[in-house]
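Chains A and B supply the protein sequences, listed in that same order. Read in order, the letters of the first sequence correspond to residues 664 to 806 in the numbering used here. Read in order, the letters of the second sequence correspond to residues 664 to 806 in the numbering used here. C-beta: ideal position from N, C-alpha, C; glycine also. From a predicted model like this one, the values you see are computed outputs, not experimental measurements. Structure first, then comments.
Protein chains: 2
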Amino acid sequence: MILEKKKMFNDFSASKGLRSTRQRDIILDIFLSTHQHVSVEELYLKIKSSNPGIGHATVYRTLKLFTEAGLAREILLHDGQTRYEHVVKGEHHDHLVCTGCNSIIEFEDETIEKLQEEVAARHGFLIKNHKMEIYGLCANCRR
Amino acid sequence: MILEKKKMFNDFSASKGLRSTRQRDIILDIFLSTHQHVSVEELYLKIKSSNPGIGHATVYRTLKLFTEAGLAREILLHDGQTRYEHVVKGEHHDHLVCTGCNSIIEFEDETIEKLQEEVAARHGFLIKNHKMEIYGLCANCRR
DNA sequence: CTTACAACTGAAATTGAATATCAAAAGCAT
DNA sequence: ATGCTTTTGATATTCAATTTCAGTTGTAAG
């Protein structure tokens, strides 16, 4: 699966005439090794610890490339930190965000996805992607 | 409906021991007179034109209060501008966001809402609110 | 009505994420 | 190796949003 993603990025790079660089390889490796929903800062620090040379801007730029390449997705929560999650082909999940402890639970619901398609069709709308976040309290924080 | 919202805010203010000020009244009036999805900047300018004295910070602060009071809701799109939409009690709508022309189409779907409740229940999660945005191309931009 | 005090405001400063700039470095086709 | 172009990273910049703080205003009590 990791190899598959690397291939995805190589293909994307080739199709866009982008070059293969040490930095992008490292950032991709580390991104793929992180949990879901890494904030840019978090990823940057992780990268920095093993590769002090890599700059802030490069991490931002590269994450945008990953997004374009279809292997990451930007998610905006309400804390002013942009996060990136891993895109798994043919799979989409949404989020339960706990406002108590900031934990994120993922879920998938095919019926919801289908209904979204229907709504879009009704408006002549062509879906590129979507996101859904449900805010509230997780089981732990309810007590 | 406008009166109802003003009452909501008065009740909220009273319960929180907040004071009633000229600025808050004005900002509420103008907020209620705007279309859905006003960006803070847009609202600020509108306010400024009839009430030059009112400051940036006050608009931000007051919109946060409206959100707490339950009559506005923050929405984050991907353009770095926080927007506020009007909350209508007992009604929830979601958004089709056109990446071509930035227009926003609202929709409601009760079945989706129900499914969300089910998902949440399955995880022992207590829903406070949620948002769903579907990105893509509107009927116009598809041509 | 006055007083007293806490809440509120607004100008300005500050923060912090994200982007732009640009000279130096590194890929890559020839 | 050469020459051209992309990429990088330090730095500066941008811009939304928040904080600060002295002055103002609402309001409850006297």
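For the pair Ile693 of chain B and Leu706 of chain B, the CB atoms are nearer than the 8 Å cut-off.
In terms of Cα proximity to Glu773 of chain A, the closest of A:Cys801, A:Gly763, A:His786, A:Glu754 is A:Glu754.
When 7 Å is used as the limit between beta carbons, Leu759 of chain A is near these residues of chain B: Ala783, His786, Phe788, in chain order. In the structure shown, Asp692 of chain B falls within a helical segment according to DSSP collapsed to helix, strand and coil.
CA-to-CA, the gap between Ala677 of chain A and His793 of chain A works out to about 27 Å. Around the Cβ of Tyr723 of chain B, a 10 Å sphere holds fewer than 16 other Cβ atoms; the residue is exposed. For Ser702 of chain B, the pairing in a beta bridge is given by DSSP as B:Arg746. Taking 8 Å as the upper bound for CB-CB distance, Thr697 of chain A and Lys709 of chain A are in contact here, some 7 Å apart. With a 10 Å radius around the Cβ and a threshold of 16 neighbouring Cβ atoms, Cys764 of chain A comes out exposed. Taking C-beta atoms as the reference points, Ile665 of chain B and Ile689 of chain B fail to come closer than 8 Å. Residues of the same chain with a CB within less than 6 Å of the CB of Gln686 of chain A, apart from the 5 flanking positions on each side, are Ile717, Thr721 in chain order. Neighbours of Gly799 of chain A in chain B, taken as residues whose beta carbon is under 9 Å from its own, are Ala783, Phe788, Leu789, Ile790, Lys791, Asn792, His793 in chain order. Contact annotation for Arg805 of chain A against chain B: Gly787, Phe788, Leu789 [CB-CB distance below 9 Å, chain order]. Residue state for Leu759 of chain A is assigned as strand, using DSSP reduced to three classes.
Note that the stretch 774 to 785 of chain B does not touch the stretch 731 to 746 of chain B; fewer than 3 beta-carbon pairs, one per stretch, sit closer than 8 Å. Residues of chain A with a Cβ closer than 7 Å to the Cβ of Glu796 of chain B are, in chain order, His793, Lys794. Each residue's CA atom was taken as its position, placing Asp674 of chain B and Val751 of chain B some 17 Å apart. Arg736 of chain A carries a strand assignment under DSSP once its states are collapsed to helix, strand and coil. Taking the CA atoms as reference points, Tyr798 of chain A sits about 17 Å from Arg806 of chain A. Among the CB atoms of chain A, none fall inside 8 Å of the CB of Thr721 of chain B. According to the DSSP assignment, Phe672 of chain A belongs to the alpha helix (DSSP H) that extends over 665 to 679. DSSP, reduced to helix, strand and coil, places Phe788 of chain B outside both helices and strands of the structure shown, so it counts as coil. Glu780 of chain A and Leu726 of chain B have their alpha carbons spaced roughly 33 Å apart. Any Cβ of chain A closer than 8 Å to the Cβ of His741 of chain B would place that residue at the interface, and such an atom is present. The beta carbons of Thr730 of chain B and Leu739 of chain B sit no closer together than 8 Å. When the five nearest sequence neighbours on each side are left out, the beta carbons in the same chain lying within less than 6 Å of the beta carbon of Glu796 of chain A are those of His758, Val760, in order along the chain.
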